Ligand SMILES: [Fe+2]
Ligand SMILES: [Fe+2]
């Protein structure tokens, strides 16, 4: 993972700060950090807060990534790009299912919850590694610098509108859990 990060930083150096890959990397960094913390020891109220932030960010990131990057890759018509996007969506769905199970658990410090956090962290690391190792290259291959900047702007605005729209449903879901 560290080697990949190094080569990734090399790839991104000097690119337009609006390039979508910068925004994706910022989210990935925070998600990996939160997943790591959720796998460690107990944390009481902190743990619940961290989980809420993790769940909210992961949902906003996944949906916005699907609607902008994955959709753009599918539209290229290139087999490799379409396969990557289709498989990525399936992986997002698997993590969503585990998150939904965790959302229904009262005790986030239980052994069962810990096992779920561990599996989610491993799936996340694998998924992000593939996005750096394959998707970032596909983006360079199929899109111009200006198109990557436009994708970045669309990604940020999709995330913004999801955050506003999800505030109420999330509160409802917690109330019935
Ligand atoms: Fe991602
Ligand atoms: Fe993804």
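In my numbering, the protein residues as written are -8 to 168.
Built from N, CA and C at the ideal position, the CB exists for glycine as well.
Every value quoted in this text rests on a predicted model; they were computed, and no experiment measured them.
TODO: Measure from the alpha carbon of residue 109 to the alpha carbon of each residue in 2, 50 and 23, then state which is nearest.
DONE: Taking the first residue of the chain shown as position 1, residue 109 is located at position 118. Per the Cα distances, 23.
- [ ] Could you work out which residue in 90, 67, 37 and 102 is closest to residue 133 when comparing CA atoms only?
- [x] Translated into the one-based positions of the chain shown, residue 133 becomes position 142. Answer by Cα proximity: 67.
TODO: Would you mind giving the Cβ-Cβ distance between residue 3 and residue 12, rounded to the nearest angstrom? I have them listed as a contact below 8 Å.
DONE: The residue you call residue 3 lines up with position 12 of the chain shown. The residue you call residue 12 lines up with position 21 of the chain shown. Rounded to whole angstroms, the Cβ separation of residue 3 and residue 12 is 6 Å, and the two are in contact under 8 Å.
Open item on the list: Taking 7 Å as the cut-off, is the C-beta of residue 53 nearer than that to any heavy atom in ligand 4?
Closed with: Of the ligands one can find in the structure shown, namely ligand 1 and ligand 2, none is ligand 4.
TODO: Note down, in chain order, each residue of its chain lying with its Cβ closer than 6 Å to the Cβ of residue 40, except the 5 sequence neighbours on either side.
DONE: Taking the chain shown and counting its residues from 1, the one referred to as residue 40 is at position 49. The beta carbon of residue 40 is closer than 6 Å to none in its chain, skipping five residues each way along the sequence.
- [ ] Report the rounded CA-to-CA distance for residue 82 versus residue 5, giving the unit in angstroms.
- [x] Taking the first residue of the chain shown as position 1, residue 82 is located at position 91. Taking the first residue of the chain shown as position 1, residue 5 is located at position 14. The alpha-carbon atoms of residue 82 and residue 5 are separated by roughly 31 Å.
TODO: Check each candidate in 93, 148 and 116 and name the one with the smallest Cα separation from residue 107.
DONE: By 1-based counting over the chain shown, the position of residue 107 is 116. The shortest Cα separation from residue 107 among 93, 148 and 116 belongs to 93.
- [ ] In the DSSP assignment, find the alpha helix (DSSP H) that holds residue 85 and state where it starts and stops.
- [x] Residue numbering aside, residue 85 sits at position 94 when the chain shown is read from its first letter. Residues 70 to 94.
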